[in-house]
Structure formats: C-alpha cells, structure tokens
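Read in order, the letters of the sequence shown correspond to residues 4 to 293 in the working numbering. Glycine is no exception: its CB is placed at the ideal position from the N, C-alpha and C atoms. The structure appears below as structure tokens.
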Amino acid sequence: MTDALIRELLPFLNSADTNCSTGPLCRLSVGGNNQTFRFDHNGFRYFVKRYFTHPTDLRDRQGNEQRFITLLQEQNIPSIVKLIAVDSQSHVSIFEFVEGSKLSPQAITDGHIDLLAQFFNSVNSIRTKPEAQSLQIASEAFFTLAEHLQCIDKRITRLQGIKESSHLTKKAKEIVLQQIIPLWTKVKQQLSDNASRHQAAWAELTENASARCLSPSDFGFHNAILTPSGELVFVDFEYSGWDDPAKTICDLFWQVASPISLEQCRRFYGEILESFPNPASLAERVQLLL
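Following this line, the structure appears as structure tokens:
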C-alpha cells in the first residue's frame, strides 16, 4: 500500500500541480527548508514532506526522522505523528494528516507544559534500550563547554561576513561589530576563566551515557499540533538524536517560533529533572547555557 501511495503521489508532486481548489495535492508551506503538502487520496488525507537537500549540507534529514519515528512507534511512544511511507530517492515522506492547530504563545497553559514534559519523559524512558543506541547525535548537540564556544564563534564569524548591500544590512553589520562581538568576547572570557569550576558538570556527559537524553531537537510548541480533543501530537524530528538535556531545556526557552515564559520553562525543567542521574550537574549546565 505504501509503495502504491508514493506512485500515486509523485506525478502530482513532479508536475507542481498544487492548486488546493482543483487537485488532490495542496501546498502548505511557505518558506522554510522543506516543502510540505496536503494530499487527498481514496478518501484519506495525508501530510507530505519533501526534504531540503543541498550539496553543502550532508545531514540526512529524512533518514534521521525516519529512524527516530520508527523507534518511537516500535516502542509504543504516544503522541507522535504516524509515518506511513518513505521514498528516499525523491526525498519524500508521507505522514498521517493531523487535524488541529498550533498553539499561540498566549494560549499555552501549565497543562500544555505538562503534556510537553510527559512526551519528553516518555521518549527518554526508552533511552537505555539497545534499539536506541544506534540513533545518531542530534544536530548541533555538544557535550563540552568548548564545543558550545566553538559553535558560537563560528556563527559570529558568519555574521561578520554580512555584505553591506543595503541600509538594513549595514545596520545589521554595525550591530554585530559594535554590540554582539564585544558582548560575546566578554561572556566567552568569563566562561573560559571559570571553566575548571564547572568541569564535573560537563564531564558526566562523556562519562555517563545516562546523563544524555534522546531529544526530538527543535523541540517546542511550534512542532506540536493541538487536536480538537486537547491532545498534543508532536511532529518534525529531522534533527533528533542524542543530546544534552540542558540544551533541550534552553532551546525550548529561547525558541523564537513558540516562546514560553521563564516560569513555564522552570515547570518543564522540574518535571524532567528526575529522569537524569545528577540533577545538580544538569542544573549547573542549564544555568551556564541560559
């Protein structure tokens, strides 16, 4: 059935016939890395994702998402979108279509935070299983302070390369040179000077595998659908894998697409803390990364 579904889909996808009012394929995404569509076929509705690929980006987004979802489905982890078919040659995957809506930041309640934490804890309840060990390191996962500093240095270097081709880019370059770089130089020096004090907090990530987490990565309400029944269904696991739970917590707080308050972040943090062997070290890393 899955191969047949791919064969039915591809002619519409390749013809770029995505008129929502006249055809079975409807383009959903505007911008972003991937192309997404709604596909109606034989009385069923599907969500279609065509993955971004580029010669300079070697990440296997499709394969990574497939492996993560497959593991969660096999381990009966609830609240995830169902993967139905994969065609690696065309970089296309088909999922169930989840009816619902995205939560606005103003609509996020403590109950929604609890559902977020429950999902994260259920995913990490299987992290010691042999099947989970083959999952890859999450995108931009770092297990030492030095790796975090190097990542930010690289981003700062890219910002320095902004071409001043307009008033806006000139202003952006000015902010980089006059505000961001001086601030980062100061913060980086402070972190480096105190690195030895925090060595044990980072050491557990390389010495104790249970200190790491299985992270959906890019985790937050922007990648969750609220169904009419009040359930949250989680989607988009392209960057998933092994990570530092401190980074997951900080990424959740700093997520621009679906920001949460500091109080909500603390609530989430408190509900996942006991899933890890050394809450004090985890708390120390969270404080450093925030």
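For His-225, there is no enclosing alpha helix (DSSP H), as DSSP marks it with neither H nor E. Out of Ser-195, Ser-107, Glu-150, the CA that lies nearest to the CA of Ala-227 is found in Ser-107. Burial is judged here by how many other beta carbons sit within 10 angstroms of a residue's own beta carbon; Cys-23 has fewer than 16 and is exposed.
The beta carbons of Arg-41 and Phe-122 sit no closer together than 9 angstroms. Take the alpha-carbon of Phe-15 and the one of Trp-257: they are about 38 angstroms apart.
For Glu-134 against Leu-86, the beta-carbon gap comes to about 16 angstroms, at or over 8 angstroms, which does not count as contact. For Arg-200, there is no enclosing alpha helix (DSSP H), as DSSP gives it neither H nor E. With a beta-carbon spacing of about 16 angstroms, Ala-141 and Ser-213 fall beyond the 8 angstroms limit used to define contacts. Here Val-89 is buried, its C-beta having at least 16 other C-beta atoms within 10 Å.
If you draw a straight line from the Cα of Leu-285 to the Cα of Ala-249, it is about 6 angstroms long. Between Phe-55 and Phe-98, the gap from beta carbon to beta carbon reaches 9 angstroms or more. Excluding five sequence positions before and after Val-259, none of the CB atoms of its chain fall closer than 8 angstroms to its own CB. Membership of Arg-288 in any beta strand (DSSP E) is not indicated; the residue belongs instead to the alpha helix (DSSP H) covering 282-292. In the DSSP assignment, Ile-83 falls outside any alpha helix (DSSP H) and carries neither an H nor an E. At least 9 angstroms separates the beta-carbon of Lys-189 from that of Ile-155.
In this structure, Leu-119 sits away from Phe-240, with a CB-CB distance that is not shorter than 9 angstroms.
A residue is called buried when at least 16 other Cβ atoms come within 10 angstroms of its Cβ; Ala-283 does not meet this threshold and is exposed. With 16 or more other CB atoms across the displayed protein chains lying within 10 angstroms of its CB, Leu-28 is buried.
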